[in-house]
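Numbering (the numbering used here) for the sequence shown: 7 to 72.
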Amino acid sequence: MRWLIVTADELGRSSKRNQGIVDAHCKGIVTSASMLAYGPAFREAVKIAKALPKLDIGLHLNLSEG
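Here's what the structure looks like:
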């Protein structure tokens, strides 16, 4: 069996991006997301991650900005 992992980048960047990631995950397109810890919509992203246990979450590190 082959697996394809589709990761959405920057969960937490904005509410619109968060909603797009949620929509894509619910449609079976996105299987994981990288969470942007310093993004303006980070707290919303944490709630999303808790509400969607099948969405695998990684950490988006940025060592040069912020």
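In this text, a Cβ means the ideal position worked out from N, Cα and C, and glycines have one as well.
When DSSP states are grouped into helix, strand and coil, Ser70 belongs to the coil group. Nearest neighbour of His66 by Cα position, chosen from Lys33, Gln25, Gly18 and Val28, turns out to be Gly18. With fewer than 16 other CB atoms across the displayed protein chains lying within 10 angstroms of its CB, Ala57 is exposed.
Taking the Cα positions, Arg8 is about 34 angstroms away from Tyr44. Counting of Cβ neighbours within 10 angstroms places Arg49 among the exposed residues, the total staying below 16. Ser40 sits in a strand when the DSSP states are folded into three classes.
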